[in-house]
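Worksheet for the structure shown next.
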Amino acid sequence: AQSVTQLGSHVSVSEGALVLLRCNYSSSVPPYLFWYVQYPNQGLQLLLKYTSAATLVKGINGFEAEFKKSETSFHLTKPSAHMSDAAEYFCAVSDNTDKLIFGTGTRLQVFP
Amino acid sequence: ETGVTQTPRHLVMGMTNKKSLKCEQHLGHNAMYWYKQSAKKPLELMFVYSLEERVENNSVPSRFSPECPNSSHLFLHLHTLQPEDSALYLCASSQGIPVHTGELFFGEGSRLTVL
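Residue numbers (my numbering), protein chains in the order written: chain W, 1344 to 1455; chain D, 11 to 125.
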């Protein structure tokens, strides 16, 4: 069965600092991997997705993620945090079906 | 209009009430989903509809009853709920299945509180 594990339910960074949100996946087939973001009182919005093309994926708002098969990881990074990045971030995995399996989420706080 | 609209945004109901959640998508998508979001738990997929036919039902209790009258509308009928059903219910849509070919577009959710 597929699953994702997000390490750290809360991450705090200072404005301008590097953002690193961790995601490890488990899949018996080549996975499709996603990062979604949820701002307060809103639904989830796609940040980026990996679908077996380039291993480094660039998304919206300056975020990117790197697929590392050897580490079964798909960590999300942003070089310089902005106050507006404060939100909850969800990693998700899919096989070739109708399901997206989500992680438990990581809440990012950005301090001035 | 926004892509996926959910009503009501907030709902408080007693355990014996009957209520419904409504979702409407304006994106021309063919697949619609209900997810349950509870604190400190992964999003739980409840139901999937493709071209108005249910294709997924993840062992959801019968007190939750979905309805998809057309490809733009999705309902979740609620009756005799339990307090542990209190959660944020998210509707989503996608162009098709498998979902990885595109993305899920989510509504803002309906916050349900069961007393």
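Ideal placement from N, C-alpha and C gives every residue a C-beta, glycine not left out. This one's a predicted model, so the numbers in the text were calculated from it and none came from an experiment.
To the nearest angstrom, how far is the alpha carbon of residue i from that of residue j?
i, j, result
"residue 50/D", "residue 1447/W", "6 angstroms"
"residue 2/D", "residue 55/D", "In this structure chain D extends from 11 to 125, so residue 2/D is not present and cannot be described."
"residue 1379/W", "residue 1433/W", "5 angstroms"
"residue 1374/W", "residue 120/D", "30 angstroms"
"residue 1418/W", "residue 1357/W", "19 angstroms"
"residue 38/D", "residue 1361/W", "38 angstroms"
"residue 1384/W", "residue 118/D", "7 angstroms"
"residue 1454/W", "residue 1427/W", "11 angstroms"
"residue 1445/W", "residue 52/D", "6 angstroms"
Can you list, in chain order, the residues of its chain with a C-beta nearer than 7 angstroms to that of residue i? Leave out the 5 residues immediately preceding and following it.
i, result
"residue 201/D", "Because chain D spans 11 through 125 in this model, residue 201/D falls outside it and cannot be assessed."
I'd like the list of long-range same chain contacts for residue i, defined as Cβ closer than 6 angstroms, with 5 residues on each side in sequence excluded.
i, result
"residue 1393/W", "1376, 1400, 1410"
"residue 66/D", "58"
"residue 1416/W", "1367"
"residue 1359/W", "1423"
Taking 8 angstroms as the limit between beta carbons, can you name the residues of its chain near residue i, skipping five residues before and five after?
i, result
"residue 1381/W", "1387, 1388, 1430, 1431, 1432, 1433, 1448"
"residue 25/D", "90, 91, 92, 93, 124, 125"
Grab the span of the beta strand (DSSP E) containing residue i for me, first residue to last.
i, result
"residue 124/D", "120-124"
"residue 1358/W", "Here residue 1358/W belongs to no beta strand (DSSP E), and DSSP marks it neither H nor E."
"residue 57/D", "54-60"
"residue 97/D", "97-104"
"residue 15/D", "14-17"
"residue 1407/W", "1407-1411"
So residue i and residue j are in contact, right, with Cβ under 8 angstroms, and what is the actual spacing, rounded?
i, j, result
"residue 14/D", "residue 116/D", "6 angstroms"
With 9 angstroms as the C-beta to C-beta threshold (strictly closer), list the residues of the segment 44-64 of chain D near chain W in chain order. 45, 47, 50, 51, 52, 53, 54, 55, 58, 60
Against chain W: residues of the segment 79-102 of chain D by CB proximity under 7 angstroms: 100
When you check each C-beta in the segment 111-124 of chain D against every C-beta of chain W, which residues fall closer than 7 angstroms? Per Cβ criterion, the list reads 113, 114, 116, 117, 118, 119.
For the segment 1397-1414 of chain W, enumerate the residues whose C-beta is nearer than 7 angstroms to any C-beta of chain D, in chain order. none
Closer than 9 angstroms, Cβ to any Cβ of chain D: which residues of the segment 1440-1454 of chain W, in chain order? 1440, 1441, 1442, 1443, 1444, 1445, 1446, 1447, 1448
Chain D contacts made by the segment 1359-1383 of chain W, where a contact means CB separation under 7 angstroms: 1375
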